[in-house]
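K.L.:
Residue numbers (numbering that gives the first Met the number 0), protein chains in the order written: chain G, 0 to 305; chain A, 0 to 539; chain X, 0 to 383.
Here a beta-carbon is modelled for each residue, glycine too, at the ideal position from N, C-alpha and C.
The structure presented is a predicted model; accordingly, all values stated were derived computationally and were not measured.
Quick one: structure below, then a few questions.
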Amino acid sequence: MWKLIAFRLLKAIPVLLIVATLTFFMLRLTKGGPFDQEKPIQDEAIRKQLLAHYGMDKPLSSQYLDFIKNLVQGDLGPSFKHQGRQVNEVIAEAFPRSAELGLWSLAVAMALGLAAGLIASLKKNSFLDYCPMALAMIGICVPTFVMGPLLILSFSLELEWFNASGWNSLKDRILPALTLGGAYAAYIARLTRGGMLEVLSQDYIRTAHAKGASPARVILHHGLRGGLLPVVAFLGPAAAGLLAGSFVVETIFQIPGLGRHFVEAAFNRDYTMVTGTVLFFATLIILFNLIVDVVQIWLNPRLRST
Amino acid sequence: MSFRTVFQSVVLLGLLLGCSKSTEKPNQSGSIPQILHLGNGAEPMGLDPQIVTGVPEHHIISALIEGLVTENKKNLNPEPGTAERWETSEDGLVWKFHLREDAKWSNGDPVTATDFVQSYQRMLTPSLGSQYAYMLHVVKNAEAYNSGKLKDFSQVGFKAINHKQLNITLKAPTPYFLSLLNHYSWFPVHIPSIKKHGGIDKPDNRWTLPGNFVGNGPFILDKWEINKVIVVKKSPTYWDRKTVKLEEIHFHPISDVEVEERAFRSGQIHVSNTIPLNKIEVYRKKDAEKLRIDTYLGTYFYRLNTKRKPLDDKRVRMALALAVDRESIVRNIHYRTVKEAGNITPPGTGGYTYQGLPLKYDPDKARQLLSEAGFPGGQGFPKLSVLYNSSEQHRRMAEVIQQMWKKNLGIEIELANEEWKVYLKTSQEMDYDISRAGWIGDYPDANTFLDMWLTDGGNNYTGFSSVEYDKLISDAANAPSVEARLTLFQKAEELLMNEMPILPIYFYTARYLIDPQVREWHPTILNHHPYKHVYLAPAK
Amino acid sequence: MNDLPSQGRAESTSSLWRDAWIRLRRNRLAVFGACILVLMGGLSIIAPWIAPYGYETQNLELKAVPPQLSWNTMQAVYGRCTLEQARTNAEQLGGALGKIKNTQVAAKLHGTIDERDYGETMWVSDWQGAGPKRIEISPDGFTPLDDAGDEATFLYLHSRAHWLGTDELGRDLFTRLLYGGRVSLMVGLCATSVSLTIGVLFGAVAGYFGGRTDDLMMRFVDVLYALPFTIFVILLTVIFERNIWNLFLAIGAVEWLTMSRIVRGQVLSLRQQEFIEAAIALGLPRWRIIWRHIIPNCLGPVIVYTTLTIPVVMLLEAFLSFLGLGVQPPMSSWGLLIRDGSKVLEEFPWLMIFPGSVLAVTLFSLNFLGDGLRDALDVRISKD
């Protein structure tokens with residue numbers, strides 16, 4: 000197991016390099032650069048100076064080499080948009096907020112989703128199945144950009160229980176976490192139900208029942224192991240995405256998190272910032288997919304042989 | 000767990016949360032803390048007045064730094080600022096500014112004439128690559144130094160006569176010179192701090208971060224969290240600190256208009272940056288005193304690519320312009336918050352109002368012109384496309400105009416939206432047929448709206464080129480009197496409107512929400528509100 | 000434990016699918032879901048023939064009108080256009096033009112007429128377009144009076160219904176929903192099939208072969224996950240002509256990733272089960288094992304995830320169209336309508352509610368059908 004983890008972390012390096020390289024060239028291929036503005040720089044000399052300052056006057060190949068060289072040293076460079084700030088600093092400032100929101104949302108999503116999915120699968124085709132599943136489907140249909148404003152309108156503006164925006168007190172975490180977590184809970188509920196139904200009809204579960212094991216034990220010990228596989232696979236990228244921040248939710252609740260940098264940097268063509276956030280996200284993805292694989296092995300001990 | 004216990008716990012939770020209502024709210028009764036919360040649009044790029052180019056940046060910088068002159072709170076006329084008085088030579092070329100004795104930087108240093116000269120030298124240093132350096136080009140030899148042709152800064156028209164006297168020599172008399180001085184490109188910067196935090200010509204210098212920033216304005220920079228808030232505090236060293244009533248200003252970078260409106264409604268901000276269009280009627284009916292619509296120095300228009308067929312035909316361009324019902328647009332899309340534009344320069348810009356025949360909605364004339372151009376009833380008219388940048392408002396405008404052209408001229412136009420930066424490139428490379436555009440004046444003078452249509456005008460992008468027009472504008476720059484200058488502008492604009500390389504639609508207004516507690520917040524044409532006069536008092 | 004059921008599945012595939020079809024037809028909910036979906040698809044296809052208005056037809060004077068079922072609904076509007084222009088407008092819309100004495104009354108009339116308006120007079124042209132005539136508002140409706148005049152304000156008598164109201168440019172929402180279904184259902188179908196095909200195959204292959212192959216394939220997925228989607232989309236708009244196929248490409252390119260990871264997880268676990276090992280021991284060709292044994296056995300989660308993907312894809316389409324990829328206005332889609340509606344949900348809630356409901360109904364139908372399919376394809380359940 001440890002060997003697997005060590006190997007995987009080692010393999011992360013080429014993956015990150017490929018991601019960095021692809022992002023670098025995608026950005027350069029995209030129309031419009033960081034210094035294109037509504038009132039563009041008229042003077043060619045001034046334009047060149049500005050480009051030279053950010054090393055963008057060199058040929059693409061040497062720009063790329065510089066970029067990789069700095070990257071290896073852990074230096075993501077200065078942000079083009081946020082003058083005077085390093086990308087590292089910006090990420091360090093924003094990530095804890097997104098991560099916190101992500102963890103809250105994940106907790107909401109897991110608690111609601113797993114509970115609803117489990118109950119629904121155990122009481123298939125009953126009220127306890129239809130009701131949470133209908134809710135889950137509504138949760139999927141109501142996108143976060145609708146749910147967020149709805150929650151704010153009712154709980155912040157009508158009832159005045161919460162702030163309409165901002166990220167200061169602990170209370171400011173509740174509505175965004177519900178919005179974001181609710182969306183994921185719906186998925187988890189559906190996937191849990193599907194996965195559990197699949198497993199509960201498997202032969203070994205029937206066998207376990209036949210052998211007289213207690214239903215609770217069958218479900219917890221045998222059922223969950225196989226039934227949670229789809230959820231776990233889904234959760235890997237989902238958790239990475241949650242921790243890296245949601246642009247929509249962070250915008251609606253005015254949360255200064257990483258999700259906004261992720262999207263805004265692309266719109267600003269803030270090259271260094273895009274590569275920085277992308278690499279950061281890639282690391283999260285690799286990490287969480289690794290965790291998922293470990294959990295999958297743990298859930299299904301027979302995989303260990305491979 | 001019964002339903003009842005669930006219900007009880009929900010209510011209990013609600014009460015718990017409800018009791019501790021937000022302490023962030025600025026508007027509470029009783030004595031009002033003098034902390035102003037402003038919605039400030041996009042996150043500022045930076046706070047270096049010699050680097051940045053945007054409006055949100057201006058709002059913050061104008062609180063932190065003061066130029067030679069300041070603005071009158073009501074009409075923005077120049078008032079004594081860091082300079083307590085000034086005089087000008089008879090030919091209007093030499094300006095002598097006398098700095099006040101008690102003008103200080105926020106670190107306690109006195110503000111000297113040398114500081115200004117050094118600031119302008121930095122602004123014009125070619126290697127800094129400052130984009131607004133051209134604002135200083137009215138000064139003798141400034142352009143030459145800026146482009147690197149002139150190496151010796153002592154030949155540029157800035158001179159520190161002594162500690163407190165600054166002489167500025169212009170290359171031509173410039174009637175709007177004093178209003179230029181209120182543009183942040185003319186603000187002084189604290190050179191020693193800049194040297195300390197990264198060097199004179201580094202655009203990503205760290206001197207603008209909290210703790211490093213040294214300014215001479217009514218406020219000092221206290222806190223800056225990206226995408227969250229910028230806090231400025233009353234400066235203890237500002238010369239006119241007695242006038243300043245606000246203790247703090249919080250600039251909230253809220254770029255989403257709906258989010259901002261909700262923040263305003265819940266009392267989190269006192270003044271918003273803008274208002275969603277669909278909320279205008281709501282506020283008009285319920286909270287009319289909170290809605291402000293101020294004249295603003297800007298025009299919304301469509302560029303027509305005169306290098307492409309059939310738009311190279313003046314009659315086609317005129318037909319397109321005449322077939323747009325501006326009145327309906329203003330009334331139905333903008334809820335009568337903006338003014339129909341029959342020309343490009345907003346009325347009253349620096350004493351200039353276009354006197355020519357206004358562009359009317361005249362579908363019959365438009366059809367006639369179109370058929371004269373060879374497209375009777377729109378037959379054979381190629382499928383042109385309207386380019387606009389991705390935004391709800393621009394899309395709506397394009398959809399409406401598309402239908403007006405279809406109905407009135409029988410022509411089919413397609414719409415093409417592009418992401419902002421792509422759109423900029425496409426328009427600037429003139430790879431479009433018709434493209435939406437807007438122009439906000441840099442300073443209150445007609446020149447800022449008219450000189451871009453020069454043949455080599457940096458923001459022309461229509462292919463429009465007229466020797467006569469170029470001559471009128473350059474004559475205006477050297478006109479002997481203000482009247483003669485305005486007459487030349489009239490002629491130039493009339494020529495422009497006859498050629499119609501652009502299709503004016505409406506004049507912008509600043510539309511925003513304001514809490515009645517905010518005082519001394521006057522409507523001004525540049526949407527500047529000198530913060531040193533602003534304060535909060537219980538609503539009447 | 001035994002491997003008989005799966006053995007049976009391998010040997011009689013045709014009867015398996017036929018049995019599944021029979022079981023599916025017996026599932027009432029699933030049939031209901033399928034019917035709704037077919038109905039929606041059908042309505043969208045024949046939209047040009049059944050839509051009451053053009054999807055791009057605007058009537059700015061009737062912007063943001065709430066749903067109204069009745070004919071001859073009154074809608075007060077005021078403006079400075081000439082009588083002639085106003086009449087043309089009104090007639091084009093199949094309505095008639097009216098004029099009213101003063102703006103206060105016009106304002107009051109916005110929406111419905113109430114008692115306070117009795118006795119007021121206004122100018123209208125009659126339903127046949129003749130006129131204008133002077134009429135009086137009375138409890139019985141409109142009483143014709145004597146002759147004409149000219150005022151700055153006018154009134155439409157709008158004689159056609161907007162069942163779901165109009166949007167902010169006065170376009171009929173019902174019509175736009177009908178047309179919007181074309182884009183959304185197409186995107187839902189195509190993009191989801193793309194992501195389904197790639198995702199299932201990719202995941203199944205990776206999971207089945209395991210080891211190095213799996214490792215390499217999954218690292219590839221990691222790379223794709225991490226690439227900046229916004230930049231990718233902008234790049235697509237620049238490189239290619241804007242059209243709907245690029246939209247499928249862009250959506251398909253991202254949506255299969257999670258699917259492949261889910262399938263891989265399933266397959267890895269199936270791979271260890273006896274019936275697969277038995278199949279391998281029997282020497283069946285690999286593709287046959289994957290196709291006949293592996294994929295059918297992970298259909299459950301696949302179907303669930305697919306039904307979940309469809310609404311996401313439909314909403315994603317709105318974002319991409321916003322960036323300039325995909326549909327161009329004035330054409331619309333459900334996603335775009337929901338996006339627009341979400342901005343005005345306080346003022347004009349119907350613009351949010353109806354598109355949202357259509358999406359919800361689609362999703363519910365899909366899930367009914369999906370659950371039905373899942374049950375129908377599940378051999379083990381059928382033996383209960």
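For the segment 419 to 427 of chain A against the segment 273 to 293 of chain A, are there 3 or more C-beta pairs whose distance is under 8 Å?
P.N.:
no
K.L.:
Within the 8 Å Cβ cut-off, does P95 (chain G) reach chain A?
P.N.:
no
K.L.:
Report yes if the C-beta distance between Y505 (chain A) and A320 (chain A) is below 8 Å; otherwise report no.
P.N.:
no
K.L.:
Within 10 angstroms of its Cβ, does R255 (chain X) collect 16 or more other Cβ (buried), or is it exposed?
P.N.:
Looking at the sequence shown, residue 255 (chain X) is not Arg but Trp. Flag for W255 (chain X) reads buried.
K.L.:
Pull out every residue of the segment 324 to 346 of chain X whose Cβ sits closer than 7 Å to any Cβ of chain A, in chain order.
P.N.:
Within the segment 324 to 346 of chain X, Q327, P328, P329, K342, V343 and E346 place their CB atoms closer than 7 Å to a CB of chain A, listed in sequence order.
K.L.:
Is the number of C-beta pairs between the segment 96 to 115 of chain G and the segment 276 to 295 of chain X that are closer than 8 Å three or more?
P.N.:
no
K.L.:
Roughly how many whole angstroms lie between the Cα atoms of Q88 (chain A) and K95 (chain A)?
P.N.:
Looking at the sequence provided, one finds Ser at residue 88 (chain A) rather than Gln. When rounded, the distance between both Cα atoms is 8 Å.
K.L.:
With 8 Å set as the bound, which would you pick, yes or no: does the beta-carbon of V237 (chain X) sit closer than that to a beta-carbon of chain A?
P.N.:
yes
K.L.:
With a 10 Å radius around its C-beta and 16 neighbouring C-beta atoms as the bar for buried, classify P48 (chain A) as buried or exposed.
P.N.:
By the neighbour-count rule (16 or more Cβ atoms within 10 Å), P48 (chain A) is buried.
K.L.:
Among A:N140, A:V466, A:T52 and A:Q117, which one has its Cα closest to the Cα of H182 (chain A)?
P.N.:
A:T52
K.L.:
For I199 (chain A), name the three-state secondary structure that DSSP assigns.
P.N.:
coil
K.L.:
Extract the residue ranges of the alpha helix (DSSP H) inside the segment 234 to 291 of chain X, only unbroken runs of 4 or more that lie entirely within it.
P.N.:
243 to 269, 273 to 280 and 285 to 288
K.L.:
Flag V266 (chain X) as yes if its beta-carbon sits less than 8 Å from any beta-carbon of chain G, otherwise no.
P.N.:
no
K.L.:
Tell me whether W223 (chain A) sits in a helix, a strand or coil according to DSSP, three-state version.
P.N.:
W223 (chain A): strand per DSSP, three-state reduction.
K.L.:
Using a Cβ-Cβ distance cut-off of 8 Å, determine whether F321 (chain X) contacts chain A.
P.N.:
yes
K.L.:
Quick check: is the beta carbon of A95 (chain X) nearer than 8 Å to any beta carbon in chain G?
P.N.:
Below a pLDDT of 50, predicted positions are generally treated as unreliable, and A95 (chain X), at 46, falls in that range; the measurement from the model is reported next regardless. No, A95 (chain X) does not count as interfacial toward chain G.
K.L.:
How long is the line joining the alpha carbons of R373 (chain X) and F79 (chain G), rounded to whole angstroms?
P.N.:
51 Å
K.L.:
Could you tell me the distance, in whole angstroms, from the CA atom of Q489 (chain A) to the CA atom of M403 (chain A)?
P.N.:
30 Å
K.L.:
Contact between the segment 257 to 275 of chain G and the segment 282 to 294 of chain X is defined here as three or more beta-carbon pairs at a separation below 8 Å; is this criterion met?
P.N.:
no
K.L.:
Kindly say whether C140 (chain G), judged by its beta-carbon, lies nearer than 8 Å to any beta-carbon of chain X.
P.N.:
yes
K.L.:
Give the range of the alpha helix (DSSP H) segment to which G225 (chain G) is assigned.
P.N.:
Unbroken alpha helix (DSSP H) run through G225 (chain G): L223 to G226.
K.L.:
Using three-state DSSP, classify N166 (chain A) as helix, strand or coil.
P.N.:
In this structure, N166 (chain A) counts as strand in the three-state DSSP scheme.
K.L.:
In chain X, which residues lie less than 9 Å from N407 (chain A) when you measure between Cβ atoms?
P.N.:
Near N407 (chain A) there are no residues of chain X at all, since even the closest Cβ is about 11 Å away, more than 9 Å.
K.L.:
Would you say K2 (chain G) lies against chain X (beta-carbon separation less than 8 Å)?
P.N.:
No, K2 (chain G) lies away from the interface with chain X (no Cβ there is under 8 Å from its Cβ).
K.L.:
For L525 (chain A), which residues from the same chain have a beta carbon less than 7 Å from its beta carbon, with the 5 sequence-adjacent residues on both sides left out?
P.N.:
Cβ within range, chain order: L75, L296 and P443.
K.L.:
Under 9 Å between beta-carbons, which chain X residues line up against V385 (chain A)? List them in chain order, please.
P.N.:
The premise fails here: V385 (chain A) is roughly 10 Å from chain X at the closest Cβ pair, so nothing lies under 9 Å.
K.L.:
Since Q85 (chain G) sits in a beta bridge, which residues does DSSP pair it with?
P.N.:
G:P77
K.L.:
How would you write the range of the beta strand (DSSP E) that T582 (chain A) sits in, first residue to last?
P.N.:
Residue 582 (chain A) falls outside the range modelled here, since chain A spans only 0 to 539, and no answer is possible.
K.L.:
Using the DSSP secondary-structure output, state which residues sit across from S434 (chain A) in a beta bridge.
P.N.:
A:R302 and A:L386
K.L.:
Quick check: what's the CA-CA separation for W1 (chain G) versus S97 (chain G)?
P.N.:
29 Å
K.L.:
Below 6 Å CB to CB, which residues in the same chain sit around G179 (chain X) once its five sequence neighbours on both sides are set aside?
P.N.:
These residues qualify, in order along the chain: S331, S332, W333 and L336.
K.L.:
Looking only at its chain, what residues have a beta carbon closer than 8 Å to the beta carbon of D65 (chain G), apart from the 5 residues adjacent to it on each side?
P.N.:
In chain order, G54 and K57 place their CB closer than 8 Å to the CB of D65 (chain G), counting only its own chain and leaving out the 5 sequence neighbours on each side.
K.L.:
The beta strand (DSSP E) with P51 (chain X) in it runs from where to where?
P.N.:
Looking at the DSSP string, P51 (chain X) is not in any beta strand (DSSP E), and its letter there is neither H nor E.
K.L.:
Are there three or more Cβ pairs, one per stretch, closer than 8 Å when the segment 265 to 278 of chain A is compared with the segment 272 to 283 of chain G?
P.N.:
no
K.L.:
For the alpha helix (DSSP H) that contains E197 (chain G), what are its first and last residues?
P.N.:
I173 to L199
K.L.:
Under the criterion of a Cβ to heavy atom distance below 7 Å, does S153 (chain A) qualify as lining the ligand PLP?
P.N.:
Absence of the ligand PLP from the depicted structure is noted, as is the absence of any ligand whatsoever, leaving it without description.
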